[in-house]
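>
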Amino acid sequence: MIEASVAHKERPLSPGDTLLDHYSVAESGYDEMCSGPGVLRPHWQDLVHLLEQLGGAELERRHTEIQRLLQADGVTYNAYGDPHGYQHWLVDNIPLLMTGEEWSELAAGMAQRSRLLNALLADLYGPRMTIRQGWLPPELIFSHPGFLPACHQSLPEGRRWLVFHGIDLARGPDGLFRAYGDRAQSPSGAGYALENRILLARALPMIYRDAPLRRLASFLETERATLANLARHHPENPHVVLLTPGPNSPVYFEHAYLANYLSISLVEGEDLVVRDSRVWLKTLGGLRPIDVIMRRVADDFCDPLELRGDSLLGVPGLLQAVRRDHVALANALGSWIVETPGILPFLPLLCQQLLDEDLKLPSIPTWWCGRPADLSHVLAHLDRLVVRSILPNQPYWEGNQLDEKTRRTLMDRMQAAPHLFVGQESMPLSTAPVLEKGQLTPRPVMLRGFAVAEDDGYRVMPGGLCRVSNGLETVQATLQKGGISKDWWVLAPTPQRHVSLLRQAYGPIVVTRDGNDLPSRVADNLFWLGRYSERLDGIARLLREALGRLLEWEQDNTDERCLDDLLDALEIPVPPVAESPRARFFALREALLDLLLEPTHPSSMQALFSGILRTGGAVRNHLGDDSWRLINRLQHNIQERPIESSARQARDSLERNLTMMAAFCGLCNETMPHHQGWLFFDIGRYLERVLRTLDLFHLAFITARNPGLPLWEVVLAITDNLTVYRRRYRSALHPTAIIDLLLFDTDNPRSVGYQLRRLQRNIARLHRPDNSPYRTAEERLILEAFTTLQLADIEALAALTHDSTRSSIELTRLLDAIQKPLLSLSDALAHSHFSHAEVPRQLVTMQP
Amino acid sequence: MKYLITHRSQYKYSSGVALCHNEARLLPRQTPWQLCQPSRISIKPRPALSLERDDFFGNRVLYFAIQDIHQQMEVKVVTEVTVLKQRQFSPDSPSMPWEQARRMLQETPEPEIIEARLFKLESRFIGLDPTYLAYAKPSFPPDRPLLEGVVELNRRIYQEFTYDPHFTTIATPLKEVLSEKRGVCQDFAHLMIACLRGLGLAARYVSGYLETLPPPGQPRLVGADASHAWLAVYLPGEGWAEFDPTNNCMPQDRHITLAWGRDYGDVAPLTGVMSGGGSHTLEVSVDVAPQPAAVAEPATTRRDQEQPLSR
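From first to last, the protein sequence lines stand for chains A and B.
For the first sequence, position 79 matches number 307 in this note's numbering, and the numbering has no gaps at all.
For the second sequence, position 183 matches number 190 in this note's numbering, and the numbering has no gaps at all.
#1: Smallest Cα separation from Ile-840 (chain A): which of A:Tyr-485, A:Cys-893, A:Gly-362, A:Leu-247?
#2: Where are the alpha helix (DSSP H) runs, 4 residues long or more, that stay fully inside the region 326-352 of chain A, in chain order?
#3: Give the DSSP bridge partners of Met-674 (chain A), in chain order.
#4: If the cut-off is 7 Å on Cβ atoms, which residues from the region 115-126 of chain B count as contacting chain A, listed in chain order?
#5: Give the DSSP-derived three-state secondary structure of Ser-186 (chain B) in the structure shown.
#6: Using a Cβ-Cβ cut-off of less than 9 Å, list which residues of the region 488-504 of chain A approach chain B; keep chain order.
#7: Confirm, please, whether the CB-CB distance from Leu-238 (chain B) to Ala-210 (chain B) is below 8 Å.
#8: Just to check my reading of the structure: Pro-172 (chain B) and Pro-101 (chain B) have Cβ atoms closer than 8 Å, yes? What is that Cβ distance to the nearest angstrom?
#9: Taking 8 Å as the threshold (beta carbon to beta carbon), is Leu-34 (chain B) in contact with chain A?
#10: Would you verify that the beta carbon of Glu-534 (chain A) is, or is not, closer than 8 Å to some beta carbon of chain B?
#11: When the Cα atoms are used, what is the spatial distance from Gly-542 (chain A) to Pro-747 (chain A)?
#12: Does the separation of the CB atoms of Ser-617 (chain A) and Leu-648 (chain A) fall below 8 Å?
#13: So if I threshold CB-CB distances at 7 Å, which residues from the region 985-1008 of chain A count as touching chain B?
#14: Let's test the definition: count the other Cβ atoms within 10 Å of the Cβ of Val-805 (chain A) and tell me whether it reaches 16, buried, or not, exposed.
#15: Would Gly-766 (chain A) and Val-650 (chain A) be called neighbours here (beta carbons separated by less than 8 Å)?
#16: Going by CA-CA distance only, name the one from A:Ile-1037, A:Ala-347, A:Gly-374, A:Leu-657 that's closest to Ile-565 (chain A).
#17: Using DSSP with H/G/I as helix, E/B as strand and the rest coil, what is Asp-61 (chain B)?
#18: Can you list, in chain order, the residues of its chain whose CB lies under 6 Å from that of Gly-735 (chain A), leaving out five sequence neighbours each side?
#19: Can you grab the Cα-Cα spacing for the pair Leu-603 (chain A) / Thr-568 (chain A), in whole Å?
#20: Taking beta-carbon pairs under 7 Å, can you tell me which members of the region 542-573 of chain A lie near chain B?
#21: Relative to the C-alpha of Ser-563 (chain A), which candidate in A:Asp-528, A:Ile-359, A:Glu-293 has its C-alpha closest?
#22: To the nearest angstrom, how far is the alpha carbon of His-962 (chain A) from that of Leu-318 (chain A)?
#23: Mapping DSSP to helix, strand and coil, what is Glu-81 (chain B)?
#24: Could you tell me whether the region 674-683 of chain A touches the region 279-289 of chain A, using the rule of 3 or more Cβ pairs below 8 Å?
#25: Does the distance from the C-beta atom of Val-158 (chain B) to that of Pro-98 (chain B) stay below 8 Å?
#26: Strictly by DSSP, which residues pair up with Met-522 (chain A)?
#27: Mind checking if Thr-278 (chain B) is an interface residue toward chain A, Cβ cutoff 8 Å exclusive?
#28: Compute the distance between the beta-carbons of Leu-719 (chain A) and Met-326 (chain A), then report whether it is under 8 Å.
#29: From which residue to which residue does the beta strand (DSSP E) around Ile-395 (chain A) run?
#30: By DSSP, does Lys-510 (chain A) sit in helix, in strand, or in coil?
#31: Going by beta carbon distance, what residues of the same chain come within less than 8 Å of Pro-935 (chain A), once the five residues before and after it are set aside?
#32: Assess, as a yes-or-no matter, whether the region 1034-1048 of chain A is touched by the region 1005-1025 of chain A under the definition of 3 or more beta carbon pairs within less than 8 Å.
#33: Output needed for Val-85 (chain B): all residues of its chain with C-beta closer than 6 Å, excluding positions within five of it in sequence on either side, in chain order.
#34: Leaving aside the five residues before and after Thr-264 (chain B) along the sequence, list all residues of the same chain whose C-beta is less than 7 Å from its C-beta, in chain order.
#35: Per DSSP, what kind of secondary structure is Trp-267 (chain B) in: helix, strand or coil?
#36: Which first and last residues belong to the alpha helix (DSSP H) in which Arg-641 (chain A) is found?
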């Protein structure tokens, strides 16, 4: 009846509206877009009109475009337990709309909830009145691993426990919003919300530009300002970092994304050290003080001295630095406890007692079984409830889905330790339109809203993350598993000026050129990224050449003897003599394809690429967006297995890899400032390249099974020198010319001479930790290698064709003398620049 | 009784330690029955920073950091403590039936009683399992006065378990202690706490020292003492009664209290995290030296099987 009375404002749908032909709304439920079958809510009318103008097919095309952009940007969730399990994030291109009035009311409830949980934390780690007065049962708090006694009275006067707050929300059939849970220790999702918004703006540019919607930029500006204001010691120019567990975290993408967006350094626990009760960043230039930590590492992992002793992600002594007010954490350590669903039934009373207000935003009806009456209620109504543990990372049980045996076991468990369980009403969630096969289809959705501390209260993000969900799994669970997400639009009365997401600085700024404040760990990873990239390139070139020879041999019966030498270079055992040329072909092909496809082989393309992914992922925010897109494309190309094992296909795939690798390294050169970080990347690449070139040289002129012309040609091809050679000499191959081109020509990037000169120049530019006037170990080593080359007796080597024994001894001696210092170079660099990445250990192991 | 307690720990590392952060719970807490003079703390090498605070349980914690490279570390704490003989409870004190204690603990809305409920929950070293309850049950027939039951449980553990310093480590599961009936004072305290918590009662772990007496006619050996551990059970509305299952007694003036918590994990005497160091050796010596009092104490005879913790 109510719907009928307002129906005159709403537009009935006409049969021509193809997008909505199959949009059937359940009668008992609440749909965000339609108030009844075929009746649009007023605030959706403009959008639906515009979407229909685009049409289903066009929307599908743009949907595909979004997924392509996502993949290119590498928006992933790294699913737990699976090192290769980067799951892609799916974004639906139909936003969820909410009116400004509706949102304001919701936002007021959310801000109040943030204040309430902050007050609750202050009490739990302080006077504990809520417990002493019996407002909150001690079993509920003290059984939860998130209550950390070490954090008792750890926060100095005037500090806030909750700076960032994430709230999971859903609307029930009655149209009311309810909170399903809170994220307090490191609320993730705001970065994904931002990425969704940017993607939608790209997919629906016209609609986005003209839509009267609230923008997200000013909320993020508040986040940045709030973080900066937490710095008490350097309010002028505070040093803020984002502490991440690292690339293995399922939400590492967001950490890198937010750090870039908020212009703060992304650091891991091992980048930080506590000395004099202060937190310092270990950089190439020494220790730099840290004022504020935006923390995305779980509470109990943050300080192995006072919290989990087995944690490798934390910083020993961190809590002590917090107590002395030398560093501010957002959020404070200990905030995990308010995430337990067990506190939901107590919030109305707590709100009255702690804030003297009525709770505005209700929670999903929840019964804590530690109270006998609640336990009886839950056991009696198990069929329509969901049972959850109050402890983290536990499964849930849907009462009406249990077989007799599971039900019995669950009831026994609940009776044995009732304080560890809650029962929650299982309420149908509101539905919102999702694009499926060119049609809009209603799907249940859950929201995650965000609040950030501002002045005395909290500011709420106008929008957030919207997930297609059945409401049983928490948003956190779906965050960890991937799924479909949507952008959440809060409508404003008039179109709002588009604010660039690149913010403008107002305060003073210290002009710096990225250099000495580079974390040692980042330098370490960039060095290895360079080495892996070059190694992958080297192996790919050898493989391409080997497969090429194999194919030529198959077609033209050409001389294939140099294949054995190529297998040696690839460190593949040469297959035993086969009974027929055909059998030999298959054996060789299999050996080569293995190296391409077999991830367990240590120098396979797959294994090397995972090295690139690991080191590159760890320094993701030091690489440009385009470089990262190339890594994503490479990943697809390398991990995509051909349907049949074909040498030709494999060669084509290698061809593509090589082009992309060249583009990747080229982009790094073009886009990374040539400061300390790039220097390490470049040193890594050229050290690897010179070692590989020396190996190849050694093979071709000294250890080859089948030395001679065909092999020299292969070597020139692998080192990309065949064209140069032909242009320069326009004649048959001559060893002296090859030696000059590959060893001495300091202007040829593929020659050892050039590579050594480049290494020497870059090593000289590295920061010296102790400002000593003497040469560092790495400078001495490269000097030794380069000088050896420059002092070589070219005449003696040139006699290679006439007196092969004497000159090959000379050559061996020369190659060894160059190689030896180079082999020590890697360790010397590590010792001078990466060594304070040492992992701290416990004095006594405190695990039971 | 007045004692001069010297607790010295020395770590020697195979390679240099560049930085270490430590927490010591070696400063005895002040209680109504125990008076502590200010401790003399000496740490070598000299820490760059040391700070004292009270932890969640009211224990005194000393945080210190050594920031210069070092090959060994010595922590020595000397404290003069006076312990009163008279305690609130003795084995014969009347007490309420144990079921009533359990009910009061759950239902009485008194702040002190509510807070004691922390000590009836599982903790890191003390999981709850029906086997502990099964072991305790024979000592707690219906309506038995609480203290009577606990005295019997204390005696049973003393009689049925073998003191064996080579059997357990910190990592030995409590269940194994129960099934093998072996362990040291720390294990017996943990086990008895598990039994009492299984009954729905609140019990806490107490760490400290015990004065050991030399055999008759022999001189007291300096530094031969060790840390000790026992427990306390809560009588709602009345207070905490202490028990020492390793020695089948209720602690009096020969037990010196350092700290208490849910289990050993809350009161470990010295913890730390260091960078570098390689492997290390640890040497601990404790000396509990009785001091001449103004009024001579009556001579105490040695109880032969008195066993301190020697881990």
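Ideal placement from N, C-alpha and C gives every residue a C-beta, glycine not left out.
Concretely, from the data shown:
#1: A:Cys-893
#2: 328-352
#3: A:Arg-695
#4: Pro-116, Pro-118, Ile-121, Glu-122, Arg-124, Leu-125
#5: helix
#6: Val-501, Val-502, Arg-503, Asp-504
#7: yes
#8: Not confirmed; about 37 Å, so no contact.
#9: no
#10: yes
#11: 16 Å
#12: yes
#13: none
#14: exposed
#15: no
#16: A:Gly-374
#17: strand
#18: For Gly-735 (chain A), the predicted model reports a pLDDT of 44, less than 50, meaning its position is unreliable; a value from the coordinates is still stated below. Closer than 6 Å at Cβ, skipping near neighbours: no residue.
#19: 17 Å
#20: Pro-544, Gly-545, Gln-548
#21: A:Asp-528
#22: 58 Å
#23: strand
#24: no
#25: yes
#26: A:Leu-470, A:Ala-558
#27: yes
#28: yes
#29: 392-399
#30: strand
#31: Ala-928, Phe-929
#32: yes
#33: Thr-13, Arg-47
#34: Pro-35, Arg-36, Thr-38, Gln-41, Val-213, Gly-215
#35: strand
#36: 632-644
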